Amino acid sequence: MTIEGNLENYELPEILLGLSMNKQTGTLRFELEKENKEIYFHQGAIFVLYSREQNIAELEKLLVTSQRATAKQFKTARRSQLDTKRFIGDVLLEMKLLSQGELMQLMYKFIEDTL
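Take 1255 as the starting number for the sequence shown in the numbering used here and just add one per residue.
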(Lines of atoms letter the chains of each structure in order from A and count residues from 1; the text may use other names and numbers.)
(Lines give C-alpha, C1' and ligand atoms only; values in the text may rest on other atoms or scores of the structure.)
Protein backbone atom coordinates (compact mmCIF):
# COMPACT_ATOMS: atom_id res chain seq x y z
CA MET A 1 0.00 0.00 0.00
CA THR A 2 1.51 3.30 -1.06
CA ILE A 3 0.41 6.61 0.37
CA GLU A 4 1.59 9.69 -1.46
CA GLY A 5 0.55 13.27 -1.67
CA ASN A 6 -0.03 16.43 0.22
CA LEU A 7 -0.94 15.86 3.85
CA GLU A 8 -2.79 19.15 4.24
CA ASN A 9 -6.09 17.27 3.98
CA TYR A 10 -5.17 14.70 6.63
CA GLU A 11 -4.50 14.81 10.34
CA LEU A 12 -1.27 13.10 11.39
CA PRO A 13 -2.92 11.04 14.17
CA GLU A 14 -5.46 9.76 11.62
CA ILE A 15 -2.69 8.58 9.30
CA LEU A 16 -0.67 6.97 12.08
CA LEU A 17 -3.70 5.22 13.52
CA GLY A 18 -4.65 3.84 10.10
CA LEU A 19 -1.16 2.48 9.49
CA SER A 20 -1.07 0.97 12.96
CA MET A 21 -4.55 -0.59 12.83
CA ASN A 22 -3.85 -2.10 9.39
CA LYS A 23 -0.57 -3.54 10.71
CA GLN A 24 1.45 -1.89 7.96
CA THR A 25 5.19 -2.31 7.58
CA GLY A 26 7.26 0.38 5.91
CA THR A 27 8.39 3.98 6.14
CA LEU A 28 6.32 7.13 6.33
CA ARG A 29 8.51 9.90 4.94
CA PHE A 30 7.82 13.60 5.39
CA GLU A 31 9.63 15.87 2.97
CA LEU A 32 9.85 19.22 4.72
CA GLU A 33 11.45 22.44 3.52
CA LYS A 34 14.54 22.23 5.72
CA GLU A 35 14.85 18.48 6.28
CA ASN A 36 13.18 15.13 5.79
CA LYS A 37 11.78 13.03 8.62
CA GLU A 38 10.89 9.36 8.64
CA ILE A 39 8.71 7.18 10.85
CA TYR A 40 9.23 3.45 10.61
CA PHE A 41 6.48 0.86 11.05
CA HIS A 42 6.68 -2.89 11.48
CA GLN A 43 3.41 -4.81 11.55
CA GLY A 44 1.64 -1.69 12.76
CA ALA A 45 4.11 -0.90 15.54
CA ILE A 46 5.56 2.59 15.36
CA PHE A 47 9.35 2.76 15.64
CA VAL A 48 10.07 6.38 16.44
CA LEU A 49 13.68 7.47 16.52
CA TYR A 50 14.33 5.78 19.86
CA SER A 51 17.89 4.87 19.00
CA ARG A 52 19.13 8.42 19.48
CA GLU A 53 19.91 9.66 22.98
CA GLN A 54 18.60 13.14 22.18
CA ASN A 55 15.18 11.69 21.42
CA ILE A 56 15.27 9.60 24.59
CA ALA A 57 15.88 12.80 26.55
CA GLU A 58 12.97 14.48 24.74
CA LEU A 59 10.71 11.53 25.54
CA GLU A 60 11.74 11.67 29.20
CA LYS A 61 11.01 15.41 29.29
CA LEU A 62 7.59 14.87 27.70
CA LEU A 63 6.68 12.12 30.21
CA VAL A 64 7.88 14.11 33.21
CA THR A 65 6.30 17.43 32.20
CA SER A 66 2.99 15.71 31.44
CA GLN A 67 3.26 14.03 34.87
CA ARG A 68 3.02 10.55 33.34
CA ALA A 69 6.23 9.45 35.06
CA THR A 70 8.93 10.73 37.36
CA ALA A 71 12.52 11.03 36.18
CA LYS A 72 13.40 8.06 38.40
CA GLN A 73 10.61 5.92 36.91
CA PHE A 74 11.74 6.81 33.39
CA LYS A 75 15.35 5.90 34.16
CA THR A 76 14.15 2.54 35.53
CA ALA A 77 12.13 1.99 32.34
CA ARG A 78 15.10 2.96 30.18
CA ARG A 79 17.41 0.52 32.01
CA SER A 80 14.83 -2.23 31.53
CA GLN A 81 14.51 -1.35 27.85
CA LEU A 82 18.26 -1.53 27.29
CA ASP A 83 18.59 -4.77 29.28
CA THR A 84 15.74 -6.54 27.49
CA LYS A 85 16.12 -4.89 24.06
CA ARG A 86 12.40 -4.14 24.03
CA PHE A 87 10.65 -0.99 22.95
CA ILE A 88 10.35 1.72 25.57
CA GLY A 89 6.58 1.87 25.04
CA ASP A 90 6.23 -1.81 25.96
CA VAL A 91 8.26 -1.24 29.12
CA LEU A 92 6.16 1.79 30.10
CA LEU A 93 3.00 -0.29 29.63
CA GLU A 94 4.42 -3.18 31.65
CA MET A 95 5.33 -0.80 34.47
CA LYS A 96 1.73 0.51 34.31
CA LEU A 97 2.98 4.07 33.88
CA LEU A 98 0.70 4.45 30.85
CA SER A 99 -2.39 2.77 29.45
CA GLN A 100 -2.45 1.69 25.79
CA GLY A 101 -4.55 4.76 24.93
CA GLU A 102 -2.23 7.10 26.82
CA LEU A 103 0.77 5.56 25.06
CA MET A 104 -0.82 6.16 21.65
CA GLN A 105 -1.62 9.79 22.57
CA LEU A 106 1.91 10.27 23.82
CA MET A 107 3.36 8.76 20.63
CA TYR A 108 1.26 11.08 18.47
CA LYS A 109 2.41 14.10 20.48
CA PHE A 110 6.03 12.94 20.38
CA ILE A 111 5.86 12.44 16.60
CA GLU A 112 4.23 15.82 16.04
CA ASP A 113 6.82 17.52 18.25
CA THR A 114 9.63 15.67 16.49
CA LEU A 115 8.37 16.57 13.03
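Ideal Cβ placement from N, Cα and C applies to all residues, glycine included. These numbers come from a predicted model, not from an experiment.
Going by C-alpha positions, Gly1355 is about 32 Å away from Lys1288.
Taking all protein chains in view, the Cβ of Gly1280 is surrounded by fewer than 16 other Cβ atoms within 10 Å, so the residue is classified as exposed.
Between the alpha carbons of Leu1270 and Asn1276 lies a distance of about 10 Å. The three-state reading of DSSP puts Phe1295 in strand, counting E and B together. Minimum Cα-Cα distance from Leu1347 among the listed residues Ile1365, Glu1366 and Leu1317 corresponds to Leu1317. In the structure shown, Arg1283 adopts extended strand secondary structure according to DSSP, grouped into three states.
Taken in chain order, the whole alpha helix (DSSP H) runs of length 4 or more contained in the region 1311 to 1345 are 1325 to 1338. Between the C-alpha atoms of Arg1283 and Leu1357 there is a straight-line separation of about 22 Å. Apart from the 5 residues on each side of it in sequence, Tyr1362 sits with its Cβ closer than 8 Å to the Cβ of Leu1266, Pro1267 and Leu1270 in its chain, given in chain order. Residue environment analysis places Ala1325 among the exposed positions, since fewer than 16 neighbouring C-beta atoms fall within 10 angstroms of its C-beta. With distances taken between CA atoms, Ile1293 lies nearest to Leu1273 out of Thr1338, Thr1319 and Leu1273.
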